[in-house]
Amino acid sequence: MALEWKIKPFEALTVHELYDILKLRSEIFVVEQNCVYLDLDGKDKLALHLFGEFDGEIVAHARLFKAGISFDNASIGRVTVDANYRDRKWGHDLMRESIAGIAHHFGESKITIGAQLYLKKFYENHGFVQTSEMYLEDDIPHIEMKRA
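Numbering that gives the first Met the number 0 applies: residue 0 is where the sequence shown begins, and numbers increase by one.
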């Protein structure tokens, strides 16, 4: 069964959707990755929120930004898939939907991301290439990647 995809600006998210998105991100970026950091960085209000629902539950999410917010190019961030569903490869669907969402809503094809280093091959499968040396963000190795 496929995910039902939705894309909304911050103001259009329901309280329940926002709560579920933030809960999912906390489960992944704080608990699973054992990383204490402030997820609420002020950028959620500037993002389009792409999320996938399965059986009424949000199980995938990404933030989409127009150029000039996170990078000079449009960008994708906070890419998350619930650990219980990763075997379904929905991360790939999430990236395809994210790239299409940026093209549709922002008219952009150039995308820059700050990727966790261990996911380099995953992002390469979606046309991204490494454009920086490794750097630490919240003590996790990252690289900048771009898609033309």
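No residue lacks a Cβ here, since even glycine has one placed at the ideal position from N, Cα and C.
**Message:** Helix, strand or coil, according to DSSP, for phenylalanine 105 in the structure here?
**Reply:** As a first step, residue 105 must be located in the sequence shown, where it is residue number 106. Correct three-state label for phenylalanine 105: helix.
**Item:** Reference lysine 42, options Ser74, Met144, Gly100, closest by Cα
**Value:** By one-based count along the sequence shown, residue 42 stands at place 43. Nearest to lysine 42 by C-alpha distance, out of Ser74, Met144, Gly100, is Ser74.
**Message:** Please state whether the Cβ-Cβ distance between valine 58 and aspartate 86 is less than 8 Å.
**Reply:** Against the sequence shown, residue 58 aligns to sequence position 59. Against the sequence shown, residue 86 aligns to sequence position 87. No; because the gap between Cβ atoms is not below 8 Å, this pair is not in contact.
**Prompt:** Looking at C-beta atoms only, is the number of pairs between the segment 85 to 99 and the segment 9 to 16 that lie closer than 8 Å three or more?
**Reply:** Inter-segment contact for the segment 85 to 99 and the segment 9 to 16 is absent: fewer than three beta-carbon pairs are separated by less than 8 Å.
**Message:** To the nearest angstrom, how far is the alpha carbon of leucine 21 from that of glutamate 136?
**Reply:** For the purposes of this step, residue 21 is taken as the residue at position 22 of the sequence shown. For the purposes of this step, residue 136 is taken as the residue at position 137 of the sequence shown. Roughly 19 Å separates the two Cα atoms.
**Asked** Is it the case that the Cβ atoms of isoleucine 110 and lysine 65 are separated by a distance below 8 Å?
**Response** Translated into positions along the sequence shown, residue 110 becomes position 111. Translated into positions along the sequence shown, residue 65 becomes position 66. Going by C-beta atoms, isoleucine 110 is not nearer than 8 Å to lysine 65.
**Message:** Using a 10 Å radius around the Cβ and a threshold of 16 neighbouring Cβ atoms, would you call arginine 62 buried or exposed?
**Reply:** Taking the sequence shown and counting its residues from 1, one reaches residue 62 at position 63. Looking at its Cβ environment, which holds 16 or more other Cβ atoms inside 10 Å, arginine 62 is buried.
**Request:** Could you check the C-alpha separation between arginine 24 and glycine 76 for me, to the nearest Å?
**Result:** Indexing the sequence shown from 1 puts residue 24 at position 25. Indexing the sequence shown from 1 puts residue 76 at position 77. Arginine 24 and glycine 76: Cα-Cα distance of roughly 11 Å.
**Asked** Are the Cβ atoms of lysine 157 and glutamate 52 separated by less than 8 Å?
**Response** With the chain covering 0 to 147 only, the question about residue 157 has no answer from this structure.
**Item:** Beta-carbon proximity check, glycine 113 vs glutamate 132, cutoff 8 Å
**Value:** Locating residue 113 in the sequence shown gives position 114, counting from the first residue. Locating residue 132 in the sequence shown gives position 133, counting from the first residue. Not a contact, by the Cβ cut-off of 8 Å.
**Request:** Have a look at glutamate 26 and glycine 55 and give me their C-alpha separation to the nearest angstrom.
**Result:** Against the sequence shown, residue 26 aligns to sequence position 27. Against the sequence shown, residue 55 aligns to sequence position 56. The alpha-carbon atoms of glutamate 26 and glycine 55 are separated by roughly 18 Å.
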